[in-house]
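Below is one structure, written out as C-alpha cells; the observations come after it.
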Amino acid sequence: MSSVAEPSSPGESSMATSVYDSNSEYDFEARAQKWHFATQVVATDSSQNQHGASATPIFQTATFKGMEGPYDYSRSGNPTRGGLESHLARLYSASSAFALSTGMTCLDVILRLVKPGETVLAGDDLYGGTNRLLTYLSSHGGVDVRHVDTTKVEGVLPHLEPGNKVKMVLLESPTNPLLKIADIAAVSKAVHQAAPNAIIVVDNTMMSPYLQRPLELGADIVYDSATKYLSGHHDLMAGIIAVRTPEHSKEVAWLINAMGSGLAPFDSFLLMRGVKTLALRMDKQQANAQIVANYLHELGFLVHYPGLKSHPSADIHWKQATGAGAVLSFVTGDKMLSERIVSGTRLWGVSVSFGAVNSLISMPCLMSHASISPAVRAERGLPENLIRLCVGIEDPRDLLEDLETALIASGAIVPCNDDSLLSHDKLDALYATDAPEWGVQRARFFKRPHDSDLAEGVSRGLTLGGEAATAKVKTLDSDIVVSAPGKVILFGEHAVVHGVTAIATSLNLRCYGVLSGRNDGKVAISAPDLEAEHAWDISELPWAKVPVREGSTAPAALDEALLAAIEELVSKDHPTKTGFSASVAFLYVYMTMAVSADNAIAATLTVSANLPIGAGLGSSAAFSACLASSLLFAHAHATAHCAPDPAAIDLVDSWAFLAEKVLHGNPSGIDNAVAVRGGAVAFTRAVEGKEGGLDAMGGFASIRLLLTDTRVPRDTKSLVAGVGALKAAQPALVDPILARIQAISEEASSLLTGNTARATLIARLSALMRENHTHLRTLGVSHPSLEAVVETTARAGLATKLTGAGGGGCAVTLVPDEFGSAELDALTRELSALGARPYLTTLGGPGLCVHVLPAGSGGVGHSLKRAGSDNLHSWSEGLGGQWVHA
C-alpha cells in the first residue's frame, strides 16, 4: 500500500521562517494602527494561519479534532470566521467584532440584551425590517418600544427623566430612506449621563466603517448589514456586530453561540474578499451619488442627501463622517409619477437593498418599507412618492442618461430652451475637469413642468387680468418676490398671557417667497425647508366649501368645513407634519382669497428661510406674511410697485393672521404683526376686562443680538399652563413678578422710542434682560440648557435671557458695539460646544419687503430654491430691480 506524501515544507532558500516568526502578529498590529483605512482594509495578518496564506483559508468543517485547541465546533468558532472578525474589529475600532448570518440576525441578537419591562428608544425613520422586529418585540416580548426623533438630543431627553427604564437607544445615521442625521456623539453623551446602563446601538449600514465609526463617537454597539457595502456584490447574506467594551462583547458572544447564528466559513471567506475593496468601491459610489444628487437638486426636486449644502443637518453629518455615502432619495410630489419614473429605468435595477456595485432604484413605501402601515408612514413623514436611489460604480454619464430618459418619459421634466446653456462640447469638457458641476449644468437643459414658462405665457396673453379669451385659468406675467422677518420677544413672555405688555422686535433672519405663474392650470407650493413640495389641479380643489366673501378683508374666523376638506386633500400626499401644515395654510389662504376657481391664479409659491424652524423665532409668521402678501399682490388687492400704505399693511397682517390661525389654532397675533411691520411692537393682550393694544415702535438704531437655539424641544402649552397654575396657587409670589415685568416692558419701550445715548441704552437694556430672566427662572420656565447659555455668555460679560416659551428653545444675548469679532467668534464656539446653534442677527430690521422686478421677469423661484437657506442674503442682493420696504 503506497504511503501518502506529506505536504512540502519550505526549502532552505525560503524566507518563510524569517517572515513568520513569533513576533509577526505583534509587529503587524503595531504598524497597522498607523495605516490609513484604505490600507488597513486590505492588509490582513497572515501569521494567524499555520502556512502564512496570503488569503484567509476556508475551513469548511463542522467539527475540529482534539481537546485543547481553540476550536471544537464551527457554531462556536471557526478560523475563517475568526480571521474575518479580527480584521473587522480593527476596522471598527472595536474590542470585538462578530460575523453573523444576516444584518437582521445582528439586531435580533442585540435586542436580546433587553428584558421585558425595559424601554427601547428607536428612531421614527427606520429600515422597514427593523421596524417590523421592534413591533414584534413590543407586542410579544413585553418591551416598551418608543419611536422618537433620535436625530436630535432633544428628541431623546424627555424619555430620560429620573427613574427611566431605558435599556437601549437605537440610532440610524443617516436614516433609511429620508437620510436624516443623528448627532451620535451628543445623543450618546446625553443618554450615558441620564441612563448609565443604557446601551447605544447604531445601525451603520448606510455608511460602513470606512465613512463612519460610531464606537469612536461614544456608541456601545454597532451593527452593519454586511450584505450591503461590506460585501459589495449582493452575492451573500451577512451581518456584523462590533462592540466597544469587553463586558458587552461577552454577552453578545454568549448569545451568538447559544443561538447558532455565526456566519458560515465560505460566506466568511466571501465577505473577507469583498471587504478588501470597500474603500475603492465607496469612493467611486459616493462620487457618482454626488453627481446624481446635484443633478436632481438643480432640477428642483427635494433631494435628501448629506452631500448637498441644502441638507438641514449637513454640519452634524460632516462632524462625524468622512463621506456622504451612496444612497439618496428624492420627492416628486406625485405617487403615480414616481411609479412611472421607477418603471422607466433600465440601467438602474428596480430592487430592494443597496450597497452593491450596480445601481438600484426603488419606492420605499411599496418595497423596503411596505411592512409599515400607510398611517404610520404618514405620521412619520415618509412620502408615498419618495424614490430611493442606491448608486453604484457605473459611469455617471450612463447613470444620468438612463435616469434622465425615465424622467422625460414619465413627464417629470421637460426640455428647457435657454440661450445661456453650455454647448455640448463645453459640457463634455466640463465632465473631465469637474464632474459634480457637470451634473448641475446638465440638469439646466431641463426643467420641471410646473415651473412657469413665462415667455410662452406672455405670448398667449395669459396675464394677471386674464385678457385673453382663450385663457381658462389666470396666471402671472412676472414673478412676485417678497420677504418677511422673524421675531424675538425681548421682554414680557409668559407675563403677556396675564395682561402684561410684551416687547417684540424683528430680526434680520428672514423668510423669502416667490410667487411664479404657471400655464398648466395648477397651484403649487415648493418649500424645501418645510419638506412641502406638491401641485394641485385648481379645478379639483374643494371650491364648493369656500364661503362667500366680499371685498379684500380677511375673514375673522376659520371655516371648519373648508379647513377639513383641505386637510383631507393634503393628507393624501403624506407630507411631513411641518410640510402638511404649510400646505394646508397655503391652500386655505389661496382658496379663501380667490373665492372661486374662476378667480384663482395658476402659480407656484416657492419659499425658503434662514430662520431656524420651530425655535420660537417667528418662522411660521414670516412664512404667513410671505404667503399672504404675494397672493394679495397677485390679486391686485395691494400694489407691489411702491411702499404699501398703512391700510395695505393692515390688510396683509389680517391675512397673515388668518394663515397663523390655520397653523396654530389660537395665536396671539404678535408674531405676524412684527413680521409685517418690522421694527418693534408693544403688545398687550386683553385680559379680564383690561383693554389690549398693539403699538409700533420705530426709529431706534440697530442693535446686535446673538440668538442661541438650544435645540431642546419645548412644550409651550404646558409651560404656559404651569405659570397659570403657579399664579393661582401662589399669587403673593407671582403677582409682584408680573408687576415688575410690566415695569421692565414699559422702561424698555421708553428706551427704544426715546433719545437715550446709545451706550446708556445698551447698558440699561442689558440690565433689564438680566432681571427679566431672573423673574422667568422664578416662574419655572427656564431649562438647564438655557442656563448653560446664560452662564457661558455671562463669563464674557454679556446679558442673556430666554425668549419665547422657555423650557428649551432659544436664548437672546445683547451684544454691545465694543464686543469684538474675535471675542464673538470664541463665544460662538463655546456655545456650539454645548450642542447649541448660535445665530448673529440685529434687532429691529425692516418688516415686509417687496422686490420690484422688471416686467416679464421670471425664473426667480427656481433660483431661490437653488440658493439654499445658507445663501439667501447673497441671493436677495443679486436680484435685479430693487427692494421696497414696508
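Counting with our numbering, you get residues 888 to 1773 for the letters of the sequence shown.
For each residue, glycine too, the CB sits at the ideal point set by N, CA and C.
Computed from a predicted model, the values in this text were never measured in an experiment.
| Check | Outcome |
| --- | --- |
| Out of A1525, A1180, S1148, T1728, point me to the one whose CA is closest to A1589's CA. | A quick correction: the sequence has Ser, not Ala, at residue 1589. Comparing Cα positions, the closest option is T1728. |
| Quick one: Cα of V1214 to Cα of T1292, how far? | 20 Å |
| Quick test of your reading: E1185 and R1331, contact by CB under 8 Å. State the CB separation rounded to the nearest angstrom. | 7 Å |
| Considering just the uninterrupted stretch of the beta strand (DSSP E) at C1398, what are its terminal residues? | 1389-1404 |
| I'd like to know whether the C-beta atoms of A1081 and L1104 end up nearer to each other than 7 Å. | no |
| How many Å lie between R1160 and R1233 at the Cα? | 29 Å |
| Pull up the DSSP beta-bridge partners for R1275, would you. | S1216, S1249 |
| Can you name, in chain order, every residue of its own chain whose Cβ lies under 6 Å from the Cβ of L1674, other than the five neighbours on each side? | The sequence given here has Glu at residue 1674, not Leu. None. |
| If you reduce the DSSP assignment to three classes, tell me which class F1333 lands in. | strand |
| Helix, strand or coil for M922 per DSSP? | Here residue 922 is Trp; the residue named in the question, Met, does not match the sequence. Coil. |
| State the start and end residues of the unbroken beta strand (DSSP E) segment that holds F1570. | 1567-1571 |
| What are the residues that DSSP puts in a beta bridge with A1411? | A1422, T1491 |
| Reducing DSSP to helix, strand and coil, say where I1300 ends up. | coil |
| Could you please give the first and the last residue of the uninterrupted beta strand (DSSP E) stretch that includes M1584? | 1580-1584 |
| Tell me the residue span of the beta strand (DSSP E) that contains H1191. | 1189-1191 |
| Starting from F1544 and walking both ways along the alpha helix (DSSP H), at which residues does that stretch end? | 1533-1551 |
| What residue range does the beta strand (DSSP E) around S1112 cover? | 1108-1112 |
| Note the first and the last residue of the continuous beta strand (DSSP E) segment covering E1059. | 1053-1059 |
| Looking only at C-alpha atoms, which of R1598, G1611, H1662 sits nearest to S1632? | H1662 |
| Using the Cα positions of Y979 and G1566, report the straight-line distance between them to the nearest angstrom. | 54 Å |
| Please name the residue, chosen from L1142, A1243, S1225, E1427, that lies closest to R1168 on a Cα-to-Cα basis. | A1243 |
| Closest by CA to L1098, which one among I1108, Y1116, L1620? | Y1116 |
| Can you tell me whether N1486 is buried or exposed? The criterion is at least 16 other CB atoms within 10 Å of its CB, across all chains shown. | exposed |
| Buried or exposed: which applies to Q1172, given that a residue is buried once 16 or more other Cβ atoms fall within 10 Å of its Cβ? | buried |
| Look at the Cβ atom of G1765, then the Cβ atom of S1197, and state whether they are nearer than 7 Å. | no |
| To which residues does DSSP link W1430 through a beta bridge? | According to DSSP, W1430 bridges with nothing at all. |
| Would you give the residue range spanned by the alpha helix (DSSP H) that P1096 belongs to? | 1095-1098 |
| Quickly, what does DSSP pair H1738 with across the bridge? List them, please. | V1368, W1770 |
| For R1591, does the three-state DSSP call read helix, strand or coil? | strand |
| Among L1538, A1299, L1065, F1520, which one has its Cα closest to the Cα of P1442? | L1538 |
| Using alpha carbons as the reference points, say which of G1693, F1188, V1677 lies closest to A1686. | V1677 |
| What is the rounded straight-line gap between the Cα of S982 and the Cα of G1505? | 48 Å |
| Taking C-alpha atoms, which residue in T1062, V1078, I1128, M1223 lies nearest to S1200? | T1062 |
| Looking at V1668 and G1694, is the spacing between their C-beta atoms short of 7 Å? | yes |
| Look at S1468 and L1402 and say whether their C-beta atoms are less than 7 Å apart. | no |
| Using alpha carbons as the reference points, say which of E1271, L1165, A1208 lies closest to F1217. | E1271 |
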